[in-house]
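Asks: Residue numbers (the numbering used here): 12 to 985.
This is the structure in structure tokens:
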């Protein structure tokens, strides 16, 4: 997509008038020739912050290709700039670069760059304007009408455009057109009831298979190609399974998953004909033998009736090697490997090798082709038909700390236990020593339990592989709400009952999982021969932690792309060093808590708990609104901001997992709540507070720009019209004295609602999308600037969907001569508003139409934590509310920075330090030490390291306040 250049002043000025903005919006979005000329004054990039490096510090052992984001200061790169990537010697590295965001002046704000697979790429790379080098083997895409073929130069992948098979075949270019993978498709199982708890009963299990609806080529090379496949899971088989007390089930039989060849209408039963819509993206890199797959699905069933029993990706691998040259691999923990042949030649009563030789056994153990059968010991070669062929094997990981491997000869015969371990890597292989095969891997394998890897029929002409993202050997997925309502059938009971006693905001019908989603990342290598043990261990390491190229923190900070409210670590004084130490300590504490408390599982991984139970020495996993955090008070922003300033790989992955989770599971993608997120609860979808403050793009966009991840880009676009939901699911519906709606479409708060609409619109604007969202954003900014008391004017504001206009529903304080107190919410500023408003002010700086917005925001920042008398003098009434004073110290710091007021700067630090102990809930006022206490023995189930004063609200807001105060008023620190 090309974007033209206009002057920043003219752009924003024209945007102030909706009618005049329409042609401008069209030109900005479509790249009209009229967008010319006058780029902003170029900002320089210091050479010492330009280098691009590998996230983990060194290049991965195996390069499968990579994509990374690069920020550019306003005016530094014109809209049509080409970019070249060079290493430290000045040698060009093949690269494909595209723009993912533009500044208002039309210059480039963010680019994404892809580098090819199969070449060595070190650290200290430089991306700069120039002609990009072409890859030796460019990736190409050919649309043949009924299929799409992608050729990486090493392999060809044929993707169907209709039917049940997604990937028809993958063929290596050196294999004489012999495919190594065929019939790649999705499979799912549903159960008519949850597990029977050991009692007698009947469950109906229904099998489903992918059905393609649409295929889109999103990128077509030369370095990177992306194909998006959209569809649903269609019913393909029906079977009844009598569940017994010991949980025996025939679900492992391949015959359970028959092909989609039977009429849906003839199947009967309760299961829907189609459900579980999916989006699969396939990623290809030049010179690559690996396909990266991003699989996303939405649960669109009835949680009371529909229970997912299995969810997987299935394909077949043609087998032509002799049984003793066919190999199965499963990688355990770390570099541990279970590696066996379909027909084992070791341990036999008669040695296959001739006396004095070990060539046959050594070759098989190494995965190499054995010498010809004619060279075997005749006692073995004459009886080779009596050696069992182990055609089926399975690795199941049903919990975070335990996996098991078993195998059998074929269906209809007993399983043999092989071994067990703790945390499998999620990587396996099936193939021949000479004919090649497929290495397959599922990321976050044990973290996202229950999961499973199956190989079936490896003794036949075609082995079948299923990578189960949800294992059919686990209990059926039960997404029903966890209690019966306990009589809370009125708003009063819900507000005065559950909310008061367990902090749970309950409402019948609102704890519904319909519309939540989950994405899984898979890797498929088409290999020419069985990989060595070390090579497959290296592949597994990449599956566990995919390699990322990243810009250094100084580069991101210098570009000022996220509002310029954070800075780099600073230990120049003892006080600053102490703050940096605690910032580090908090991250390390949460890393340890995630593992010790086992915050893992298919729906759970990536989230953390909200509050701690000092008495039980556990986080409040079962107490209403104190359980899963669901982005409450912005832990996502805390982690991403900390990553941007430190570049720590472990923090990147913590934040990445949270972004995946909160954007998928805690946010609705279909149904009545689509576009909204769910407040903290025992279940991720349990709370009746469905709000845009949780689904906000503010928690996604950093990751999107750092990685160019298309799935996250999709999720942010799902939020663009969520303003249409704000009256249907009104956040104020349970408040007895809520201001009437009047003639408006909905009533909104400035922070938890509008700020999070604004950040989605801002992101769409800078991505070059539909400019109607820019117009709504800018209209809102102008309207906020006209409020008589700014953001103190009203408790709620009347909002109109068509143009984004806002008016106060009530006017409080001096302008209305009111004697009533002014209520202020402590939540409005702590869900991304601070960061979003800083960006909006930066982008419109110097434009008269938006000076009002800047003025009222600085007014709010100055007064929120101000002394009571100062507030009353400014507003004409007393102000009630105003908690989270330490968190809001960063608002004071922002006002101090923007005005140059040293007194405000001093006040910000006073607020930050004065409220530290109080925010930990310690009535004694004692400052808490950065220490943990070991709790073990019969007091707890497992030994844990406890800091009972920590809560996620406090950790998130303390972290953001510390980082922003250091950046904004660090020179005034006491």
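The beta-carbon is built from N, C-alpha and C at its ideal position, and this holds for glycine as well.
Helix, strand or coil for residue 168, going by three-state DSSP, please let me know.
Replies: Against the chain shown, residue 168 aligns to sequence position 157. If DSSP states are grouped into helix, strand and coil, residue 168 belongs with the strands.
Asks: Here's a check: name, in chain order, each residue in its chain whose Cβ is nearer than 6 Å to the Cβ of residue 982, leaving out the five neighbours to either side.
Replies: Translated into positions along the chain shown, residue 982 becomes position 971. Nothing meets the Cβ criterion.
Asks: Kindly give me the distance between the Cβ atoms of residue 630 and residue 623, rounded to whole angstroms, as I take these residues to be in contact under 8 Å.
Replies: Along the chain shown, one-based indexing puts residue 630 at 619. Along the chain shown, one-based indexing puts residue 623 at 612. That pair is a contact at about 5 Å.
Asks: Here's the rule: buried if 16 or more other CB atoms are within 10 angstroms of the residue's CB, otherwise exposed. What is residue 426?
Replies: Along the chain shown, one-based indexing puts residue 426 at 415. Looking at its Cβ environment, which holds fewer than 16 other Cβ atoms inside 10 Å, residue 426 is exposed.
Asks: Where in the stretch 344-431 do unbroken runs of the beta strand (DSSP E), each at least 3 residues long, occur, reported from the N-terminal end onward?
Replies: Within the stretch 344-431, the runs of beta strand (DSSP E) at least 3 residues long that lie entirely inside it are, in chain order, 348-352, 403-410, 413-419.
Asks: If you follow the alpha helix (DSSP H) that residue 547 is part of, which residue opens it and which one closes it?
Replies: Position 536 of the chain shown holds residue 547. That run of the alpha helix (DSSP H) goes 544-555.
Asks: With DSSP collapsed to three states, give me the class of residue 96.
Replies: Position 85 of the chain shown, counted from the start, is the residue given in the question as residue 96. Looking at residue 96 - three-state DSSP - the assignment turns out to be strand.
Asks: Output the distance between the C-alpha atoms of residue 436 and residue 862, rounded to the nearest integer angstrom.
Replies: Looking up residue 436 in the chain shown gives position 425. Looking up residue 862 in the chain shown gives position 851. C-alpha separation (whole angstroms): 54 Å.
Asks: To the nearest angstrom, how far is the alpha carbon of residue 902 from that of residue 872?
Replies: If you number the chain shown from 1, residue 902 lands on position 891. If you number the chain shown from 1, residue 872 lands on position 861. Approximately 5 Å between the Cα atoms of the pair.
Asks: Could you tell me whether the stretch 733-751 touches the stretch 701-719, using the rule of 3 or more Cβ pairs below 8 Å?
Replies: Under the Cβ criterion (8 Å, minimum of three pairs), the stretch 733-751 counts as touching the stretch 701-719.
Asks: Classify residue 424 as buried or exposed, calling it buried when 16 or more other Cβ atoms lie within 10 Å of its own Cβ.
Replies: The residue given as residue 424 occupies position 413 in the chain shown. Result: exposed.
Asks: Looking only at DSSP bridge pairs, what is residue 231 linked to?
Replies: Mapped onto the chain shown, residue 231 falls at position 220. BP columns for residue 231 point to 236.
Asks: To which residues of the same chain is residue 946 closer than 8 Å at the C-beta, ignoring the five residues directly before and after it?
Replies: Counting from 1 along the chain shown, the entry for residue 946 is found at position 935. Within the same chain, residue 946 has close Cβ partners 628, 954, 955, 956, 957.
Asks: When the Cα of residue 137 is compared with those of 145, 95, 121, which residue comes out closest?
Replies: As a working mapping, residue 137 is identified with position 126 in the chain shown. The shortest C-alpha separation from residue 137 is found at 95.
Asks: Is the beta carbon of residue 762 closer than 8 Å to that of residue 729?
Replies: Position 718 of the chain shown holds residue 729. Position 751 of the chain shown holds residue 762. In this structure, residue 762 does not lie closer than 8 Å to residue 729 by Cβ.
Asks: Please list the terminal residues of the continuous alpha helix (DSSP H) segment that includes residue 864.
Replies: In the chain shown, the residue the question calls residue 864 occupies position 853. Element bounds for residue 864: 862-874.
Asks: Using a Cβ-Cβ cut-off of 6 Å (strictly less than) and excluding sequence neighbours within five positions of residue 342, which residues of its own chain qualify?
Replies: In the chain shown, residue 342 corresponds to position 331, counting from 1. Result list for residue 342: 348, 436, 438, 551, in chain order.
Asks: Would you tell me roughly how many angstroms separate the C-alpha atoms of residue 890 and residue 434, rounded to the nearest one?
Replies: Here residue 890 is taken as the residue at index 879 of the chain shown, counted from 1. Here residue 434 is taken as the residue at index 423 of the chain shown, counted from 1. Whole-angstrom Cα-Cα distance: 54 Å.
Asks: Does the separation of the CB atoms of residue 1044 and residue 296 fall below 8 Å?
Replies: This structure cannot settle anything about residue 1044, because the visible part of the chain is limited to 12 through 985.
Asks: Roughly how many whole angstroms lie between the Cα atoms of residue 931 and residue 851?
Replies: Position 920 of the chain shown, counted from the start, is the residue given in the question as residue 931. Position 840 of the chain shown, counted from the start, is the residue given in the question as residue 851. Bear in mind that the predicted position of residue 931 carries a pLDDT of just 43, short of 50, making it unreliable; the figure below should be weighed with that in mind. One C-alpha to the other measures close to 32 Å.
Asks: Candidates 210, 539, 237, 355: which alpha carbon is nearest residue 190's?
Replies: Sequence index remark: in the chain shown, residue 190 carries index 179 (1-based). For the set 210, 539, 237, 355, the Cα lying nearest the Cα of residue 190 is the one of 539.
Asks: Alpha carbon to alpha carbon, how far is residue 541 from residue 213?
Replies: Taking the chain shown and counting its residues from 1, one reaches residue 541 at position 530. Taking the chain shown and counting its residues from 1, one reaches residue 213 at position 202. For residue 541 and residue 213, the distance between alpha carbons rounds to 44 Å.
Asks: What is the C-beta distance between residue 744 and residue 820, in whole angstroms, given that I count them as a contact (C-beta under 8 Å)?
Replies: As a working note, residue 744 is residue 733 in the chain shown. As a working note, residue 820 is residue 809 in the chain shown. That belief does not hold up - the Cβ atoms of residue 744 and residue 820 are roughly 15 Å apart, past 8 Å.
Asks: Quick one, which of 969, 120, 518 has its alpha-carbon nearest residue 646's?
Replies: For this step, residue 646 is matched to residue 635 along the chain shown. For the residues 969, 120, 518, the minimum Cα distance to residue 646 belongs to 969.
Asks: Between residue 329 and residue 165, is the Cβ-Cβ spacing less than 8 Å?
Replies: Numbered from its first residue, the chain shown carries residue 329 at position 318. Numbered from its first residue, the chain shown carries residue 165 at position 154. Contact flag unset, no.
Asks: Would you grab the beta carbon distance between residue 235 and residue 375 for me? Rounded to a whole angstrom, and I think it's under 8 Å.
Replies: If you number the chain shown from 1, residue 235 lands on position 224. If you number the chain shown from 1, residue 375 lands on position 364. 38 Å between Cβ atoms; not a contact.
Asks: Can you tell which of 833, 76, 176 has the C-alpha that lies nearest to the C-alpha of residue 132?
Replies: Residue numbering aside, residue 132 sits at position 121 when the chain shown is read from its first letter. The shortest C-alpha separation from residue 132 is found at 76.
Asks: Check for me: the alpha helix (DSSP H) holding residue 661 runs from which residue to which?
Replies: The residue labelled residue 661 in the question sits at position 650 within the chain shown. Counting along the chain, the unbroken alpha helix (DSSP H) around residue 661 starts and ends at 660-675.
Asks: Compare the C-alpha of residue 725 against each of 737, 739, 708, 717 and name the closest.
Replies: Locating residue 725 in the chain shown gives position 714, counting from the first residue. Residue 708 is the option with its Cα nearest to residue 725.
Asks: DSSP three-state label for residue 221, please.
Replies: To locate residue 221, count along the chain shown from 1; it is residue 210. Reduced to three states, the DSSP call for residue 221 is strand.
Asks: Are the Cβ atoms of residue 202 and residue 377 separated by less than 8 Å?
Replies: The residue given as residue 202 occupies position 191 in the chain shown. The residue given as residue 377 occupies position 366 in the chain shown. No; because the gap between Cβ atoms is not below 8 Å, this pair is not in contact.
Asks: For residue 880, does the count of other Cβ atoms within 10 angstroms reach 16, so buried, or fall short, so exposed?
Replies: As a first step, residue 880 must be located in the chain shown, where it is residue number 869. By the Cβ neighbour-count rule, residue 880 is exposed, with fewer than 16 other Cβ atoms within 10 Å of its own.
Asks: Please go through the same chain and pick out, in chain order, the residues whose beta-carbon is closer than 7 Å to the beta-carbon of residue 811, but skip the five residues on each side of it.
Replies: Stepping through the chain shown from its first residue, residue 811 is reached at position 800. Only 755, 756 meet the Cβ criterion.
Asks: Note the first and the last residue of the continuous beta strand (DSSP E) segment covering residue 301.
Replies: The residue you call residue 301 lines up with position 290 of the chain shown. Here the beta strand (DSSP E) through residue 301 covers 301-309.
Asks: Work out the CA separation of residue 404 and residue 395 for me, nearest whole Å.
Replies: Here residue 395 corresponds to residue number 384 of the chain shown, with the count starting at 1. Here residue 404 corresponds to residue number 393 of the chain shown, with the count starting at 1. Taking C-alpha positions only, residue 395 is separated from residue 404 by approximately 21 Å.
Asks: How big is the Cα-Cα spacing for residue 442 and residue 402?
Replies: What you label residue 442 is simply residue 431 of the chain shown in a count that begins at 1. What you label residue 402 is simply residue 391 of the chain shown in a count that begins at 1. Here the alpha carbon of residue 442 sits roughly 12 Å from the alpha carbon of residue 402.
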